[in-house]
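Numbering (the numbering used here), first residue to last: 42 to 362.
#1: Could you tell me which whole alpha helix (DSSP H) segments of length 4 or greater appear in the segment 240–308?
#2: Residue range of the beta strand (DSSP E) that residue 69 falls in?
#3: Please list, in chain order, all residues of the same chain as residue 158 whose beta carbon is under 6 Å from its beta carbon, the five residues on each side excluded.
#4: Have a look at residue 130 and residue 269 and give me their C-alpha separation to the nearest angstrom.
#5: Mind checking whether residue 321 and residue 178 have CB atoms under 8 Å apart?
#6: Taking only the alpha-carbon atoms, compute the straight-line gap between residue 354 and residue 344 and give it to the nearest angstrom.
#7: With distance defined between alpha-carbon atoms, name the residue in 282, 64, 222, 211 nearest to residue 248.
#8: DSSP three-state call for residue 131: helix, strand or coil?
#9: Three-state secondary structure (DSSP) at residue 223?
#10: Count the other CB atoms, across all protein chains shown, that sit within 10 Å of the CB of residue 51; report buried if there are 16 or more and exposed otherwise.
#11: If I follow the unbroken beta strand (DSSP E) through residue 122, where does it start and stop?
#12: Classify residue 289 as buried or exposed, calling it buried when 16 or more other Cβ atoms lie within 10 Å of its own Cβ.
#13: For a test of the three-state rule: what should DSSP assign to residue 154, helix, strand or coil?
#14: Would you give the residue range spanned by the alpha helix (DSSP H) that residue 46 belongs to?
#15: Quick test of your reading: residue 243 and residue 215, contact by CB under 8 Å. State the CB separation rounded to the nearest angstrom.
#16: From the DSSP output, in three-state form, read off residue 344 for me.
What follows is the structure in structure tokens.
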């Protein structure tokens, strides 16, 4: 399978290993890092730089804000697959509520690969060709170091986005009753070193409906993951088992109750951390996730709606509607 893979040149998360995993699982993968301007002018970019006939699949992993404004052109592309890590925002109160569905409705033949099991299920119920492949972690940057864990309870990451309002509120509530460290680090070695110092990592993906990358990163680095519970569908799809390979909670009192149990039983806490680390290493490194994405792309896509005679004539002069 020959794949054209379009990704963001400027992206906050370091996802190079995910891109490598996808490329290695393809017969041929032409990865293009698009600048912000190129993402905003896809019609021009394709006209100047792409022969679509060369590819069995065209895979988008671009900024949704720019993508959704160009649906008239995007829906003309053949063999389109859209990889999306933020489609959970379709179902939460934020500026993108319902906008993913509206965008996909204009090209219902495209395959959507979502990082949420429940999000994928809801998109399928709306009639879309939606598949689930979870987020994961960079196995080259993040790993277990076996060092002393001198930070008992912590969260590392951002709380500023509107989508993170639930996260921020929960961490603030927990911080009033526990000695919780909330901090940020540089990506790479500093982040890995910090995760390896934390015994209990608080993941507070409140209201998102799926587990963010931080969950897999914390597990891979040997933390006991305390994760906000997204329900049986998500947990079963990921192999998450409460008090076996992570700790699930729905509110601060439940989190504190389970945390105190593990403080009194360090061996059980260590066993949960070890089981979580093994799960992450076996299933959620970006190499494995990349292979999953490629396998999800392989089955035949839905046939696209044929353009009318007028649409075909207008496209010859660069007009799309």
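A virtual CB, placed ideally from N, CA and C, is assigned to each residue, including glycine.
The structure presented is a predicted model; accordingly, all values stated were derived computationally and were not measured.
Straight from the coordinates:
#1: Inside the segment 240–308, DSSP marks whole alpha helix (DSSP H) runs of 4 or more residues at positions 254–261, 273–279, 293–304, from first to last along the chain.
#2: Per DSSP, the continuous beta strand (DSSP E) segment holding residue 69 begins and ends at 69–75.
#3: The answer, listed in chain order, is 173, 274, 275, 278.
#4: Approximately 17 Å, taken between the alpha carbons.
#5: For residue 321 and residue 178, yes; Cβs fall inside 8 Å.
#6: Because residue 354 sits at a pLDDT of 48, beneath the cut-off of 50, its placement in the model cannot be relied upon, and the following sentence gives the value as read from the coordinates. Straight-line measurement puts the Cα of residue 344 at about 21 Å from the Cα of residue 354.
#7: Selected option, being the one with the closest Cα: 211.
#8: Helix, per DSSP.
#9: The three-state secondary structure of residue 223, taken from DSSP, is strand.
#10: So residue 51 counts as exposed.
#11: For residue 122, the enclosing beta strand (DSSP E) begins and ends at 121–125.
#12: Burial check for residue 289: the Cβ neighbour count within 10 Å reaches 16 or more, so the residue is buried.
#13: Correct three-state label for residue 154: strand.
#14: Looking at the DSSP string, residue 46 is not in any alpha helix (DSSP H); the run it does join, the beta strand (DSSP E), is 43–49.
#15: For residue 243 against residue 215, the beta-carbon gap comes to about 7 Å, under 8 Å, which counts as contact.
#16: In the structure shown, residue 344 sits in coil (DSSP, three-state: anything other than H, G, I, E or B).
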